[in-house]
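Step one of this worksheet: look at the structure below.
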Amino acid sequence: MKPMQKQFDNNTLFPLQLVYQDKKNTESELPDHFHDWYEIIYVYDGKGTFFFDNGYHYIQKGDLFIIPGNTIHHTIHDKEDPITCTVIFFNPLLIHNNSLGESFSYHQLFEKSRKAKDYKYSMQCTQQKVLETHFEEMNREWNQEAFGFKHAILLQLHMVLHYLNRMIVQSKHELSTPINWGPLWMPLWMREILVYIESSFTTGLSLVELADVANVSTAHFSRVFKQVIGLNVSEYITQKRILMAKELLLHTDENISVIAERCGFQSMPHFHLTFKKHLGSTPGSYRKNRILTTDYLPPHTENE
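Counted the way UniProt numbering counts, the sequence shown spans residues 1 to 304.
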């Protein structure tokens with residue numbers, strides 16, 4: 001089973017979805033998935049564990065998750081205390097991108113989260129109230145559908161992003177808790193192997209090598225990895241390589257053969273076949289079809 005790509009309608013005139021104060025359950029939650037749109041999750045109450053492609057975060061009241069596009073993630077809910085949260089999905093192209101002569105950008109926080117692989121921020125009580133007021137107003141506008149309600153929702157979203165960027169990026173806000181490389185029930189070797197894969201997935205990793213690093217049998221490694229992550233190890237590594245390739249295709253002008261090598265694909269035919277299998281188009285077609293939208297996406301630089 002490979003990660004799902006959650007589909008959104010990029011042709012809609014208002015590419016935004018709001019899920020307000022939704023109580024989650026295991027039946028309604030998606031398995032490992034990713035999507036091109038940005039995602040903001042704010043937690044009102046409940047407990048659980050959030051898995052990202054770099055590890056686990058424990059969830060509690062007041063937590064805010066900033067999820068850039070093409071980030072593998074899924075949630076494990078506490079059955080006794082399910083999470084209630086507001087979720088906003090939106091196409092990055094919807095966001096104002098004029099610098100007005102300042103270094104500020106509404107996209108900065110998502111870029112910061114992507115580069116640092118830091119997705120969780122714990123809000124203080126006063127910060128929680130500010131965000132909850134904005135989300136409540138967005139929901140009120142959505143339900144009432146008054147004249148110009150979509151503009152009002154978009155304005156509120158910009159206010160949320162402005163507030164968060166000023167509070168977190170400018171103030172050099174740090175994560176209140178470090179990344180957890182697995183829940184308590186996860187064996188230590190599994191936590192360590194996630195770190196190992198994160199630093200080495202562009203190399204020629206194999207099941208035998210990873211099991212040897214973990215000092216367990218290949219059969220045991222495969223069984224536990226699938227149980228914890230929801231994917232087998234080859235699917236997980238391939239998906240990480242594909243997502244890296246997407247980023248490089250959209251945000252650099254590097255030759256496709258160079259991108260294939262950087263991402264760990266052993267040959268161009270292998271890269272083309274794998275990319276098309278996952279995304280439905282060749283790397284060249286994917287880059288060409290997105291060229292019009294990349295002019296509006298935040299710039300990606302390797303040395304930032």
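C-beta atoms are modelled at their ideal positions from N, C-alpha and C, and glycine is treated no differently. None of the values given here were measured: they were computed from a predicted structure.
Who are Glu39's beta bridge partners in DSSP?
Counting from 1 along the sequence shown, the entry for residue 39 is found at position 39. Ile67 and Phe89.
Specify the secondary structure class of Leu100 as computed by DSSP and reduced to three states.
Position 100 of the sequence shown, counting from 1, holds the residue named residue 100. In this structure, DSSP gives Leu100 a state outside helix and strand, which the three-state scheme calls coil.
Looking at the structure shown, is Ile179 part of a helix, part of a strand, or coil, going by DSSP?
Here residue 179 corresponds to residue number 179 of the sequence shown, with the count starting at 1. Residue placement at Ile179 is flagged as unreliable, the pLDDT there being 43, under the threshold of 50; a coordinate-derived value is accordingly withheld.
Between Asn232 and the rest of its own chain, which residues show a CB-CB distance below 6 Å, the 5 nearest in sequence each way excluded?
Position 232 of the sequence shown, counted from the start, is the residue given in the question as residue 232. When the five nearest sequence neighbours on each side are left out, the beta carbons in the same chain lying within less than 6 Å of the beta carbon of Asn232 are those of Lys226, in order along the chain.
From which residue to which residue does the beta strand (DSSP E) around Leu231 run?
Counting from 1 along the sequence shown, the entry for residue 231 is found at position 231. Per DSSP, Leu231 is not a residue of any beta strand (DSSP E), being assigned neither H nor E.
Lys24 - DSSP class collapsed to helix/strand/coil
One-based indexing of the sequence shown puts residue 24 at position 24. Three-state result, Lys24: coil.
Buried versus exposed call for Glu145 [16 or more other C-beta atoms within 10 Å across all chains shown]
By 1-based counting over the sequence shown, the position of residue 145 is 145. With fewer than 16 other Cβ atoms inside 10 Å of its own Cβ, Glu145 counts as exposed.
Name the two residues that bound the continuous alpha helix (DSSP H) containing Tyr121.
Stepping through the sequence shown from its first residue, residue 121 is reached at position 121. Looking at the DSSP string, Tyr121 is not in any alpha helix (DSSP H); the run it does join, the beta strand (DSSP E), is Lys120 to Ser122.
Nearest residue (CA-CA) to Arg140, options Gln156, Phe52 and Ser281:
Working through the sequence shown from its first residue, we reach residue 140 at position 140. Of Gln156, Phe52 and Ser281, the residue nearest in Cα terms is Gln156.
Could you check the C-alpha separation between Thr251 and Glu80 for me, to the nearest Å?
Sequence index remark: in the sequence shown, residue 251 carries index 251 (1-based). Sequence index remark: in the sequence shown, residue 80 carries index 80 (1-based). Sequence check: residue 251 is His here, not Thr. Going from the Cα of His251 to the Cα of Glu80 covers about 43 Å.
So, with DSSP's three-state summary, where would you put Phe271?
In the sequence shown, counting from the first residue as 1, residue 271 sits at position 271. The DSSP-derived three-state label of Phe271 is helix.
To the nearest angstrom, how far is the alpha carbon of Phe89 from that of Met138?
Looking up residue 89 in the sequence shown gives position 89. Looking up residue 138 in the sequence shown gives position 138. Just so you know, the alpha carbons of Phe89 and Met138 end up roughly 13 Å apart.
Where Tyr106 falls: helix, strand or coil (DSSP):
Position 106 of the sequence shown holds residue 106. It is coil, neither helix nor strand.
Let me check one thing: in DSSP terms, what residues is Gly264 bridge-paired to?
Here residue 264 refers to the residue found at position 264 of the sequence shown. Residue pairing for Gly264: DSSP places it in no beta bridge.
Of all the options Thr202, His278 and Asp63, which has the alpha carbon lying nearest to the alpha carbon of Thr86?
Here the question's residue 86 lines up with position 86 in the sequence shown. Comparing Cα positions, the closest option is Asp63.
For Gly264 and His201, believed in contact at Cβ under 8 Å, the rounded distance
For the purposes of this step, residue 201 is taken as the residue at position 201 of the sequence shown. For the purposes of this step, residue 264 is taken as the residue at position 264 of the sequence shown. What sits at residue 201 in the sequence shown is Phe, not His. Taking C-beta atoms under 8 Å as the contact rule, Phe201 and Gly264 qualify, at a distance of about 6 Å.
By DSSP's criteria, Tyr58 is part of a beta bridge. Which residues make up the other side?
In the sequence shown, residue 58 corresponds to position 58, counting from 1. Answer is Thr49.
For Leu248, name the three-state secondary structure that DSSP assigns.
The count along the sequence shown starts at 1 and reaches residue 248 at position 248. Under the three-state reduction of DSSP, Leu248 is assigned to helix.
Since Tyr44 and Thr84 should fall inside the 8 Å C-beta cutoff, what is the C-beta to C-beta distance between them, to a whole number of angstroms?
Here residue 44 refers to the residue found at position 44 of the sequence shown. Here residue 84 refers to the residue found at position 84 of the sequence shown. Right, their Cβ atoms sit about 5 Å apart.
Which of the three DSSP states is assigned to Ile197 in this structure?
The residue labelled residue 197 in the question sits at position 197 within the sequence shown. Ile197 sits in a helix when the DSSP states are folded into three classes.
By Cβ distance, which residues of its chain are closer than 8 Å to Ile168, with the 5 residues on each side in sequence left out?
Position 168 of the sequence shown, counted from the start, is the residue given in the question as residue 168. Leu109, Lys112 and Tyr121, listed in sequence order.
Express the C-alpha separation of Ile95 and His158 in angstroms, rounding to a whole number.
Here residue 158 refers to the residue found at position 158 of the sequence shown. Here residue 95 refers to the residue found at position 95 of the sequence shown. About 7 Å.
What residue from Lys277, Lys23, Lys115 and Gly69 has the CA that sits closest to Leu93's CA?
Sequence index remark: in the sequence shown, residue 93 carries index 93 (1-based). If you compare the alpha carbons of Lys277, Lys23, Lys115 and Gly69 with that of Leu93, the shortest gap goes to Gly69.
I need the DSSP call for Thr84, collapsed to helix, strand or coil.
Taking the first residue of the sequence shown as position 1, residue 84 is located at position 84. In the three-state reduction of the DSSP assignment, Thr84 falls in the strand class, which pools E and B.
Can you give me the C-alpha to C-alpha distance between Gly280 and Cys125, rounded to a whole angstrom?
Taking the first residue of the sequence shown as 1, we reach residue 280 at position 280. Taking the first residue of the sequence shown as 1, we reach residue 125 at position 125. C-alpha separation (whole angstroms): 45 Å.
Pick helix, strand or coil for Ile72, following the three-state DSSP scheme.
For the purposes of this step, residue 72 is identified with residue 72 of the sequence shown, where counting begins at 1. Reduced to three states, the DSSP call for Ile72 is coil.
What number of angstroms, rounded off, separates the C-alpha of Glu102 from the C-alpha of His162?
Position 102 of the sequence shown, counted from the start, is the residue given in the question as residue 102. Position 162 of the sequence shown, counted from the start, is the residue given in the question as residue 162. Answer to the nearest angstrom: the Cα atoms are 13 Å apart.
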